[in-house]
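A.B. asks: Could you have a look at this structure, given as structure tokens, before my questions?
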Amino acid sequence: MAVAITKFSGFCGFLPVEKIAQFLSFVVEFDEVVGKHKSEAFRHVVSEKEPTHESIKACLKDVFARVMCAPTELVQAELTKLVKRYEAGEEKDLEKDVKPVVLELNKQYPGDVGIFCVFLLNVVKLEAGQAMFLCANEPHAYIYGDIIECMATSDNVVRAGLTPKLRDVSTLVAMLTYNWGPADSQIMPPTRFRSTSHTTLYDPPIDEFSVALTDLGAETTEVHEPIDGPSIFIVTRGDGKVKWKESDGKEVEVNLEKAGAVFFIGAGVQVEFSSGSSGLTLYRAFVEA
């Protein structure tokens, strides 16, 4: 799950397959990277009256694999053509939304195969305070902006593009679910956190975690009732204090002096946050037993 701190943009899940088929039909450079045979097979399956879910998944996997495993020379040659065409203002109506993304990513990662994912994945844009959620084994990538990211315990991050780090394309291709859908299906609306006045809850449809955003103006106090599970919070703005009682009844108060402060809160502990003159913003990730 990602909660935007600033304006944010990122890839999130596969596009509706009809949209991918349109890109294959009208974006010559993308079609060349995929290859005529795989491109035609995908468009044929998508256009069938009653294609099976599994047949579409198989073709989508083939298309994604062809792009991510394409020879570097082919990728860079077609990407050069694509960028030149966009810079010359020769994009089609279908490409108007993806053009700025392609040009921006080509500045960040020139010649990277991941740029062609603009024709395969949803580009999700968030305003500060909005959030998106991805199920396990769904493709995603950062484009710009700042976020709080919360994820379940994992021993691996598999990369295949838009990164200077180690890539493992074959593992990524094998592990994805190949589900597809529109970008708005990834957006997760927040709700009020229990009986609080200044705290918003982001609660994804899984058991592993939730995130509460507390945003206080100057000289304001917020109390979080005990949570039946451990939690951790990070301060992203302002200053203030956090106060709680130990099991022996002793009251503890700690100053939160700057952004970046991180604290652990045990299960069953009531905490009180109070802001200083500049206000206080913090994100609390938790899991309930």
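Take 189 as the starting number for the sequence shown in my numbering and just add one per residue. For glycine and all other residues, C-beta sits at the position ideal for the given N, C-alpha and C.
1) Roughly how many whole angstroms lie between the Cα atoms of GLU283 and LEU444?
2) Which residue wins for smallest C-alpha separation from LYS207, given the options LYS295, HIS328, ALA371?
3) Identify whether ILE244 lies in helix, strand or coil by the three-state DSSP scheme.
4) Does the distance from the CB of PHE321 to the CB of PRO378 come in under 8 Å?
5) Would you check if the distance between the CB atom of ALA329 and the CB atom of GLY198 is smaller than 8 Å?
6) Where does ARG254 fall in DSSP's three states?
7) Cα separation between ARG425 and GLY417?
8) Give me whichever residues DSSP pairs with LYS431 in a beta bridge.
9) Restricting to Cα atoms, I'd like to know which of VAL251, GLU220, VAL221 is closest to HIS232.
10) Alpha carbon to alpha carbon, how far is TRP368 from LYS272?
11) Roughly how many angstroms separate the alpha carbons of GLY223 and ALA324, rounded to a whole number?
12) Within 10 Å of its beta-carbon, does VAL440 have 16 or more other beta-carbons around it, so buried, or fewer, so exposed?
13) Give the secondary structure of THR268 by DSSP, where H, G and I count as helix, E and B as strand, and everything else as coil.
14) Once you ignore the five residues that flank LYS249 on each side, which residues in its own chain have a CB closer than 8 Å to its CB?
15) Would you grab the beta carbon distance between ASP427 and SER466 for me? Rounded to a whole angstrom, and I think it's under 8 Å.
16) Span of the beta strand (DSSP E) holding LYS284?
17) When the distance is taken between beta carbons, is GLN318 closer than 8 Å to ALA192?
18) Any idea if SER385 is buried or exposed, counting beta-carbon neighbours within 10 angstroms, 16 or more meaning buried?
19) Can you tell which of LEU203, SER213, ILE420 has the C-alpha that lies nearest to the C-alpha of ALA455?
20) Alpha carbon to alpha carbon, how far is CYS200 from PHE397?
21) Throw me the rounded Cβ distance for the LEU203 and LEU293 pair, which I believe falls under 8 Å.
22) Excluding the five sequence neighbours on either side, which residues of its own chain have a C-beta within less than 6 Å of the C-beta of GLU266, listed in chain order?
23) Along the chain, where does the alpha helix (DSSP H) containing ILE208 start, and where does it finish?
24) Using the beta-carbon count (16 or more within 10 Å), is PHE452 buried or exposed?
25) Any C-beta of chain D sitting closer than 8 Å to the C-beta of PRO298?
C.D. replies: Taking the coordinates as given:
1) Approximately 47 Å, taken between the alpha carbons.
2) Closest by alpha carbon: ALA371.
3) Three-state DSSP puts ILE244 in a helix.
4) It is not a contact, given that the beta carbons lie outside the stated cut-off.
5) Taking 8 Å as the Cβ cut-off, ALA329 and GLY198 qualify as a contacting pair.
6) The answer is helix: DSSP assigns ARG254 an H, G or I state.
7) Taken atom to atom, the span from the alpha-carbon of ARG425 to that of GLY417 is near 25 Å.
8) In DSSP, LYS431 forms a bridge with GLU441, GLU460.
9) Selected option, being the one with the closest Cα: VAL251.
10) Roughly 30 Å separates the two Cα atoms.
11) Going from the Cα of GLY223 to the Cα of ALA324 covers about 29 Å.
12) Around the beta-carbon of VAL440, fewer than 16 other beta-carbon atoms lie within 10 Å, marking it exposed.
13) In this structure, THR268 counts as helix in the three-state DSSP scheme.
14) Cβ neighbours of LYS249 beyond the five flanking positions: VAL361, LEU364, TYR366.
15) About 6 Å; that satisfies the 8 Å criterion.
16) In the DSSP annotation of this structure, LYS284 is not part of any beta strand (DSSP E), being labelled neither H nor E.
17) Closer than 8 Å, so yes.
18) When all chains shown are included, SER385 counts as exposed.
19) Nearest neighbour of ALA455 by Cα position, chosen from LEU203, SER213, ILE420, turns out to be ILE420.
20) Distance between the alpha carbons of CYS200 and PHE397: 19 Å.
21) Between LEU293 and LEU203 the Cβ distance is about 16 Å, and since that is not below 8 Å, they are no contact.
22) Result list for GLU266: GLU217, GLU220, VAL221, in chain order.
23) Unbroken alpha helix (DSSP H) run through ILE208: 205 to 214.
24) Exposed is the call here.
25) Included in the structure is just one protein chain, with no chain D present.
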